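Since the structure comes first, as structure tokens, the remarks are kept for the end.
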Amino acid sequence: MRATARDEVPIDPRVARSLLPAAEAVSGPQTAPATSGPVLPPREREVLVRLARGLSNRQIASELGIAERTVKVHVGSVFRRLQVADRTTAALWARDHGY
413 MRATARDEVP IDPRVARSLL PAAEAVSGPQ TAPATSGPVL PPREREVLVR
463 LARGLSNRQI ASELGIAERT VKVHVGSVFR RLQVADRTTA ALWARDHGY
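Written out as structure tokens, the structure is:
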């Protein structure tokens with residue numbers, strides 16, 4: 413409920429694992445996507461990879477050493493670039509495009 417109040421909608425890690433097989437999980441950013449799609453700046457790729465792992469904005473901020481508000485801005489930018497409306501769709505996009 414607190415995450416919802418902060419306008420966060422993290423996906424359950426169990427859901428993330430079912431979307432992204434362990435062999436495809438990436439612990440760091442890739443230099444380029446495996447298939448075509450919008451070009452994401454390096455920081456947005458880092459955020460997308462972690463979002464696809466099911467991390468909350470707070471967890472992403474902690475891993476990247478940036479403010480939670482900055483993560484929120486990056487997530488919004490990723491959504492716009494990928495033309496998606498939520499974290500689950502972004503995670504599916506990441507899986508389908510080799511992130």
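When the sequence shown is numbered by this note's numbering, its final residue is 511 and no position is left out of the sequence of numbers.
Using N, Cα and C, we set each Cβ at its ideal position, and we do this for glycine too.
All values derive from a computational prediction rather than experimental measurement.
ask   = Quick one: Cα of W505 to Cα of L494, how far?
value = 8 Å
Integer-rounded CB distance, given that V461 should sit under 8 Å from Y511 = Separation of the CB atoms of Y511 and V461 is rounded to 6 Å, and the pair is thereby assigned contact status at 8 Å.
message = For the alpha helix (DSSP H) containing A502, name the first residue and the last one.
response = 499 to 508
message = Applying the 10 Å Cβ sphere with the 16-neighbour rule, what's the burial state of G466?
response = With a 10 Å radius around the Cβ and a threshold of 16 neighbouring Cβ atoms, G466 comes out buried.
Test item: CB-CB of R492 and A464 under 8 Å = If you check the CB distance, R492 and A464 do not come in under 8 Å.
query = By a C-beta neighbour count over all protein chains shown, 10 Å radius and 16 as the cutoff for buried, is A434 buried or exposed?
reply = No answer about A434 holds up, because its pLDDT of 46 lies below 50 and its placement is not dependable.
task = Have a look at A503, H486, E475 and flag the residue whose alpha-carbon is nearest the alpha-carbon of L452.
result = H486
request  = Helix, strand or coil for P422, going by three-state DSSP, please let me know.
outcome  = coil
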